[in-house]
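Here's the structure we're looking at; comments come further down.
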Amino acid sequence: MYPFTAHPRLLPHQYSELCSFLEKISGIVLGEGKEHLISSRIGKVLRDYRLDSFSELLRAIQSDDNMPLRMAVIDAMTTKEANWFRDQSHFMMLQNVMTERAGELGAFRIWSAACSLGQEPYSIAMTIEEFRRGSRFFRRPVEVVATDLSEGIIADARKGVYCSLSMVQGLSDEQRKKYFIPNGDCSEMRPDLRKMVSFRKLNLLDSFAPLGRFDVIFCRSALVYFSLANRVDVIKRMAVALKPYGYLFLGAGETLEDGAGLFEKAVWPEGVAYRLKPLRRVNPESVK
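Per this note's numbering: the sequence shown = residues -11 to 276.
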């Protein structure tokens, strides 16, 4: 048993195997030169599961029965976004979409894909609350669906409890007072806003059909970790998951690689989103 104060050596073939495993099970592509990142992040997984080496870890994660260990590896390699109202322009554009679609029937549905610890979907909920207060015309019910690959992250996000720096980055004093209640040394999202968000575990490589269709999809800074083929596949399937003229918000610096001309740019003073061309909708059967 190696001393748990140090990491075992990560050999080149082990690095290659771990990269292949991560891409296959989650879509995450690490590329070259990330050996130190894997060694430092997964070193804690080795200690937690009392594994002697990366070779032992690789043998263990090949088994479908070892899902907790698999998820621990994925959790270790996934970046947890901690900012509220990240890319503020997207939340301003969301209000533009709500104004545009106020007269439509049915629920106004928003999907926060790769929601991490919940800051994005709860920022959406706060935006909706503010918009409703200032609008006499928007009366549609609202549903926010938030998904992530990690069961543990979803469980934490569902609680809506945030402490220390996670209550500072991106929130004003007024927002903290208006939308949160004290919870010990931490703060908890107001129950009515928590109820607006439905959290579900979802791998972006899997089918989106169980989620239904959406007016808006937030998929920001998640696909940058995917191969080009997987990015194209996810974008096409998100097109199927959107209602006619639905909107896709990507992260800053991300480009749309749908491969089929499914979207057009929607340009507002606040920024750019991508609007579905309904007459060019993809047949769902063709992208399963």
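Beta carbons are placed, not taken as given, at the ideal position from N, Cα and C, and that holds for glycine.
Item to check | Same chain, Cβ closer than 7 Å to residue 9, five either side skipped, listed in chain order | outcome: 49
Checklist entry - Enumerated in chain order, which unbroken segments of the alpha helix (DSSP H) with a length of 4 residues or greater are wholly contained in the stretch 185 to 264? => result 216 to 229
Checklist entry - Going by Cα to Cα distance, which pick from 11, 259, 95, 223 is closest to residue 202? => result 95
Checklist entry - Short check: CB of residue 251 to CB of residue 208, under 8 Å? => result no
Checklist entry - Assuming residue 72 and residue 148 make a contact with CB atoms under 8 Å, what is their CB distance in whole Å? => result 12 Å between Cβ atoms; not a contact.
Item to check | Beta carbon of residue 102 nearer than 8 Å to that of residue 192 | outcome: yes
Checklist entry - For residue 118, which of 26, 60, 163 has the nearest alpha-carbon? => result 163
Next on the checklist: Taking the straight line between their C-alpha atoms, what separation do you get for residue 40 and residue 261?
Outcome noted: 48 Å
Next on the checklist: I believe residue 279 touches residue 109 by the beta-carbon criterion, under 8 Å. Please report the beta-carbon distance rounded to the nearest angstrom.
Outcome noted: The question about residue 279 has no answer, for the chain in this structure spans -11 to 276.
Checklist entry - Name the DSSP beta bridge partners of residue 168, please? => result 177
Checklist entry - Does the pairing of the stretch 82 to 91 with the stretch 119 to 128 give three or more beta-carbon distances under 8 Å? => result yes
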